[in-house]
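Student: What follows is a single structure, and I will ask about it in a moment.
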Amino acid sequence: MLTQETLVEIHVLHRHGESIRAIAQKLGVSRNTVRRYLQDLIAVPTYPDRTQRVTKLDPYRDYLLARIEAAKPHWIPATMLLREIQDRSYAGGISRFKSYIADFKTVKSDPVIRFETPPGEQMQADFTTISCHQRKIKASVATMGFSRATYVRFSEHERQEDWLQGIEEACHYFGGVP
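Structure (structure tokens):
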């Protein structure tokens with residue numbers, strides 16, 4: 001059975017005037033397969049859903065969830081939890097165990113606090129590198145603190161002259177110095 005991408009490619013190549021033989025050679029499939037998909041005898045390929053496999057850790061799932069809930073808001077190290085279930089006859093390794101319990105770990109992220117400044121008070125400037133077709137281009141980026149208005153100047157290098165030129169052009173662009 002072919003993938004959706006291959007099916008689409010067969011139809012695209014056919015519309016571009018490719019012969020059935022040429023399409024079959026390019027995609028590495030038989031000519032009869034190409035003919036069948038072009039005649040739409042077979043629509044979009046469908047695949048059966050995979051059934052979840054039973055793992056060595058499934059019998060310990062309830063125990064692990066109870067231990068993790070009891071320890072909240074803290075996190076019990078994986079090595080400690082592994083020792084506990086090894087005492088309950090778990091025979092697997094730590095790598096599989098770590099990937100298994102990673103799904104249960106809730107990451108508490110710090111709230112983002114936006115740094116606010118009055119209008120015209122602050123401008124931030126920095127260089128960044130942009131990769132474009134195996135070529136690196138430097139960009140001097142200046143952003144106003146209040147409005148988040150941005151000015152970008154591209155250059156070949158990241159030298160002091162480029163830095164100062166970028167800041168000067170940004171100030172002209174924004175209509176003054178913060």
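For the sequence shown, our numbering begins at 1 and goes up steadily by one.
Built from N, CA and C at the ideal position, the CB exists for glycine as well.
Ignore the nearest five residues each way along the sequence and tell me which others in T128's own chain have a CB closer than 7 Å to its CB.
Tutor: The answer, listed in chain order, is A139, V141.
Student: I'd like the ranges of any alpha helix (DSSP H) spanning at least 4 consecutive residues and lying wholly in the segment 98-176.
Tutor: The segment 98-176 contains these whole alpha helix (DSSP H) runs: 160-174.
Student: In chain order, which alpha helix (DSSP H) runs of at least 4 residues are fully inside the segment 49-75?
Tutor: Counting only runs of 4 or more, we get 61-71.
Student: Helix, strand or coil: which one does DSSP assign to V8?
Tutor: Helix, per DSSP.
Student: Going by the beta-carbon positions, is the gap between A71 and I94 smaller than 9 Å?
Tutor: No, the Cβ-Cβ distance between A71 and I94 is not below 9 Å.
Student: Does Y90 come out as helix, strand or coil in the three-state DSSP assignment?
Tutor: Three-state result, Y90: coil.
Student: Rounded to the nearest angstrom, what separates Q122 and Q165 at their Cα positions?
Tutor: Q122 and Q165: Cα-Cα distance of roughly 18 Å.
Student: Work out the CA separation of D49 and V12 for me, nearest whole Å.
Tutor: Cα-Cα distance, rounded: 28 Å.
Student: Taking Cβ positions, are F146 and P111 nearer each other than 9 Å?
Tutor: No, Cβ-Cβ distance for F146 and P111 is not below 9 Å.
Student: Let me make sure I understand the geometry here. Which of V54, Y60, T117 has the alpha-carbon closest to that of S89?
Tutor: Nearest option by C-alpha distance: Y60.
Student: For R35, which residues in the same chain have their Cβ closer than 8 Å to its Cβ, ignoring the five residues on either side in sequence?
Tutor: Hits under 8 Å: I20.
Student: Taking the continuous alpha helix (DSSP H) assigned at T33, which residues delimit it?
Tutor: Note, T33: alpha helix (DSSP H), 31-38.
Student: What are the boundary residues of the alpha helix (DSSP H) that includes L27?
Tutor: Run containing L27: 20-27, per the alpha helix (DSSP H) assignment.
Student: So F115 and A149 are supposed to be a Cβ contact under 8 Å. How far apart are they, rounded?
Tutor: With a Cβ gap of about 16 Å, F115 and A149 do not count as contacting.
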